[in-house]
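**Student:** Dropping a structure here in structure tokens format, bear with me for questions.
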């Protein structure tokens, strides 16, 4: 095991104010069990899970309550014991609606975990099945099901397992605290994943502004065998983006439209790796996570261990409550977080943070004409021409936006962040992507209808 | 709680059009200071007239067009300042005012305002003035401390108040009268009020580069092309071509105008090389001794085409 500095810099990137000092020194605290949990059937990327319970059912902590609804999907388990009050459509942080189980909890030590496995003796298939059953998905934000990542198609081989500990999103410190306080679980998770992936080299990627996390990882992985390196990444947003992290650690470029496995890489967030360890060694499904509740709008910013489905109002109350002058509530951080309208929304497997901003920290603006300055081009980590894409979208020329590669956009927000004319470039890219996806879906449906005759 | 809803990102680098324009104005202050030093109150009046004419025209145009007032973004102030620095010291002030009005009303607001103008407004106005007021626009007063003042007056006794610019001397082949390299750097030579002192301009350009308001691509490719062209052309040492006339002012402050120059690094280099080549072609074979303004204006017209062929390639595209 050795520690190296990344020497591959991707194009673009920006330096937002980090504000991590608000919560970085706060040890993870478990929230007292909330009276009500709202557990969404769509906490991951892909098809929502099929709900297995109905109003009036008694459930036990860890019990399967949602069965994966397709190949790219994930199981959902009860995060606590209690009684199902209702199953209803609830809005998620991103604005979409999905079925959710409203659970009235009761204090109980009872659990319905799966039997623990010894990863050293278990077979690759058993471990893979466990990750699948435990409903584990990427906890960094996108929520891609881990069982899919860990089971590459037969013609692909994973050469590098990359642990994403960059946490480049401002304000958030959940991954940082995980690395500091749960390094041993992360190590176990890595060994399990390495076995499932047939022994790839391991790269642990951490931004240079987290020296304590780097030290904790060095200690935990000190005596590990095989090709393992801790890679110190320069502090640059969006260093935590999968494609950019792969480039920064192993200098490989994921082809347009491709997944990391196309270049022999699997990237997994550090929190997810710890969850994989728990699923195997304790039989515990993914039912809780650490969420940073932060921002100048909360009284006591902290890193909260909470059951998935905890309502934002309970999270905020646990963090000392919100200040009077809160003007924005973000699910996530300020760069990629979703702005929510109220605190009735609930956490999911991917809620890495809640950021509450006061008047002072909310940036309000009105847009001017594009002055062609090129700042967005220099900021774009995907090397797109955001200015031209944005202008194309504004004149309803989605075809031009597509030609300019808008589908590569990772919506990191670097363009809008740096635009001196305050243009809604990121939002225009989203609009173009949504329009293109809708068109592709229409074409598919038309082709299917035609094939049917 | 009264919550605001908007799409991400929710943070901003806190730069603005205003801050960028302000930086360019600050970067031009050394050159403006030198203009006042060398040409006295004339320079002050020219600068004040051009800025006032530009800002007032901007406000009036926006009002007439029923659009939001835009003088706060400082772009009109910058245009006025740049225009003034590109004028000869003895120009009648009413001509300077006409130039300012033309720059804003015709070259900028007629196209829709900042961001939509195809040509650099200050340069478009200068070209307009050069054609309309040819005599006044090519009469050069002596700067303070002009080293060859004796020689020059003796050489052209009829035209004793006119100081020949280095490029005019080069054009005439009167290399013997040419200012020293030191004078070219310091600015005690004939020329437009803001273009003579190379050192002041380079200090300003360095500030813009450090503040990342401009990138190196256009200034370097522009001036390097001038240098290389002059080197192969022979005659005066190539560095004279770089330091004379409006080359540095043009390359660092006019050609780098965002709105009218290409957006990608590759495009900027093509643009800079084009400006350099055209400048030297005009200087060598054209009717005017100086060609920076026309070179940049011609390349402004080519900018959309350059943009079209220099699109960046997305990360991951083969």
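Chains as they are written, first to last, in the numbering used here: chain B, 1 to 453; chain H, 1 to 318.
Here a beta-carbon is modelled for each residue, glycine too, at the ideal position from N, C-alpha and C.
Give the interface partners of residue 320 of chain H over in chain B, defined as CB-CB distance under 8 Å, in chain order.
**Tutor:** Residue 320 of chain H falls outside the range modelled here, since chain H spans only 1 to 318, and no answer is possible.
**Student:** On the three-pair Cβ rule with 8 Å, is the stretch 156 to 175 of chain B touching the stretch 326 to 338 of chain B?
**Tutor:** Taking 8 Å as the limit for Cβ pairs, the verdict is that the stretch 326 to 338 of chain B does touch the stretch 156 to 175 of chain B.
**Student:** Using the C-alpha atoms, what's the distance from residue 280 of chain H back to residue 228 of chain H?
**Tutor:** Between residue 228 of chain H and residue 280 of chain H, the C-alpha separation is close to 10 Å.
**Student:** Check each candidate in H:198, H:210 and H:30 and name the one with the smallest Cα separation from residue 251 of chain H.
**Tutor:** Ranking the options by Cα distance to residue 251 of chain H, first place goes to H:198.
**Student:** Listed in chain order, which residues of the stretch 10 to 38 of chain H have Cβ atoms closer than 9 Å to some Cβ of chain B?
**Tutor:** So the list reads 10, 11, 12, 13, 14, 15, 16, 17, 18, 19 and 20, given in the order they occur along the chain.
**Student:** Go to residue 100 of chain B, then tell me how far its beta strand (DSSP E) extends in each direction, as first and last residue.
**Tutor:** 97 to 105 is the span of the beta strand (DSSP E), which, as asked, contains residue 100 of chain B.
**Student:** Would DSSP call residue 219 of chain H helix, strand or coil?
**Tutor:** Correct three-state label for residue 219 of chain H: helix.
**Student:** Who are the neighbours of residue 314 of chain H on chain B, taking C-beta pairs under 7 Å?
**Tutor:** 256, 382, 383, 384, 405 and 408, listed in chain order.
**Student:** Would you mind telling me which residues of chain B sit closer than 8 Å to residue 318 of chain H, beta carbon to beta carbon, in chain order?
**Tutor:** Those within 8 Å of residue 318 of chain H in chain B are 255 and 256.
**Student:** I want to verify the contact list: residues of chain B whose CB lies under 9 Å from the CB of residue 273 of chain H, in sequence order.
**Tutor:** Simply none; closest approach about 18 Å.
**Student:** When the Cα atoms are used, what is the spatial distance from residue 88 of chain H to residue 139 of chain H?
**Tutor:** Their backbone Cα atoms lie some 7 Å apart in a straight line.
**Student:** Helix, strand or coil for residue 90 of chain B per DSSP?
**Tutor:** Here residue 90 of chain B sits in strand by DSSP.
**Student:** Beta-carbon of residue 371 of chain B versus every beta-carbon of chain H: anything under 9 Å?
**Tutor:** Yes, residue 371 of chain B counts as interfacial toward chain H.
**Student:** Leaving aside the five residues before and after residue 152 of chain H along the sequence, list all residues of the same chain whose C-beta is less than 7 Å from its C-beta, in chain order.
**Tutor:** Confidence in residue 152 of chain H is poor, its pLDDT being 48 and thus under 50, which makes the residue's placement too unreliable to answer from.
**Student:** Taking the alpha carbon of residue 173 of chain B as the point to measure from, which residue in B:406, B:92, B:385 and B:24 has its own alpha carbon closest?
**Tutor:** Nearest option by C-alpha distance: B:24.
**Student:** In chain H, what lies closer than 9 Å to residue 16 of chain B by C-beta?
**Tutor:** Correct list: 9, 11, 12 and 13.
**Student:** For chain H, check one thing: does any of its Cβ atoms lie closer than 9 Å to the Cβ of residue 468 of chain B?
**Tutor:** Residue 468 of chain B is absent from the structure shown; chain B starts at 1 and stops at 453.
**Student:** Using only alpha-carbon positions, find the residue among B:306, B:295, B:309 and B:348 that is nearest to residue 323 of chain B.
**Tutor:** Out of B:306, B:295, B:309 and B:348, B:295 has the C-alpha closest to the C-alpha of residue 323 of chain B.
**Student:** If we require 4 or more residues per run, which alpha helix (DSSP H) segments fall completely within the stretch 188 to 240 of chain B?
**Tutor:** For the stretch 188 to 240 of chain B, whole alpha helix (DSSP H) runs of length 4 or above, ordered along the chain, are 211 to 220.
**Student:** Determine, for residue 220 of chain H, whether the minimum Cβ-Cβ distance to residues of chain B falls below 9 Å.
**Tutor:** It does not; no Cβ of chain B falls within 9 Å.
**Student:** Can you give me the C-alpha to C-alpha distance between residue 394 of chain B and residue 415 of chain B, rounded to a whole angstrom?
**Tutor:** Distance between the alpha carbons of residue 394 of chain B and residue 415 of chain B is about 16 Å.
**Student:** Check the Cβ-Cβ distances between residue 210 of chain H and every residue of chain B, and say whether any is below 9 Å.
**Tutor:** So, not an interface residue.
**Student:** Candidates B:176, B:72, B:287 and B:223: which alpha carbon is nearest residue 113 of chain B's?
**Tutor:** The shortest C-alpha separation from residue 113 of chain B is found at B:287.
**Student:** Assuming residue 326 of chain H is part of the alpha helix (DSSP H), what are its boundary residues?
**Tutor:** With chain H covering 1 to 318 only, the question about residue 326 of chain H has no answer from this structure.
**Student:** Does the beta carbon of residue 4 of chain H sit closer than 9 Å to a beta carbon anywhere in chain B?
**Tutor:** Answer yes: the Cβ-Cβ gap between residue 4 of chain H and chain B drops below 9 Å somewhere.
**Student:** Beta-carbon within less than 6 Å of residue 268 of chain H's beta-carbon, same chain only, minus the 5 sequence neighbours each way: which residues are those?
**Tutor:** Closer than 6 Å at Cβ, skipping near neighbours: 217, 218 and 262.
**Student:** Can you find a CB in chain B that lies within less than 9 Å of the CB of residue 249 of chain H?
**Tutor:** No, residue 249 of chain H lies away from the interface with chain B (no Cβ there is under 9 Å from its Cβ).
**Student:** Starting from residue 166 of chain H, trace the alpha helix (DSSP H) both ways and give me its first and last residue.
**Tutor:** Unbroken alpha helix (DSSP H) run through residue 166 of chain H: 166 to 172.
**Student:** In terms of alpha-carbon separation, which member of B:56, B:404 and B:180 lies closest to residue 337 of chain H?
**Tutor:** It is not possible to answer for residue 337 of chain H, since the shown part of chain H is limited to 1 through 318.
**Student:** Since residue 336 of chain B meets chain H, which of its residues come closer than 8 Å, beta carbon to beta carbon?
**Tutor:** Ordered by position in chain H, the residues that pass the 8 Å Cβ test against residue 336 of chain B are 8 and 9.
**Student:** How many angstroms separate the CA atom of residue 422 of chain B from the CA atom of residue 316 of chain H?
**Tutor:** Each residue's Cα considered, the two are about 28 Å apart.
**Student:** Do residue 262 of chain B and residue 270 of chain B have their C-beta atoms within less than 9 Å of each other?
**Tutor:** In this structure, residue 270 of chain B does not lie closer than 9 Å to residue 262 of chain B by Cβ.
**Student:** Would residue 16 of chain B and residue 365 of chain B be called neighbours here (beta carbons separated by less than 9 Å)?
**Tutor:** Contact: no.
**Student:** Are residue 220 of chain H and residue 272 of chain H touching if we call contact CB-CB under 9 Å?
**Tutor:** Yes, the pair counts as a contact, with Cβ atoms nearer than the cut-off.
**Student:** Could you compute how far the alpha carbon of residue 146 of chain B sits from the alpha carbon of residue 196 of chain B?
**Tutor:** Cα-Cα distance, rounded: 11 Å.
**Student:** Between residue 420 of chain B and chain H, is any beta-carbon pair separated by less than 9 Å?
**Tutor:** By this cut-off, residue 420 of chain B is an interface position.
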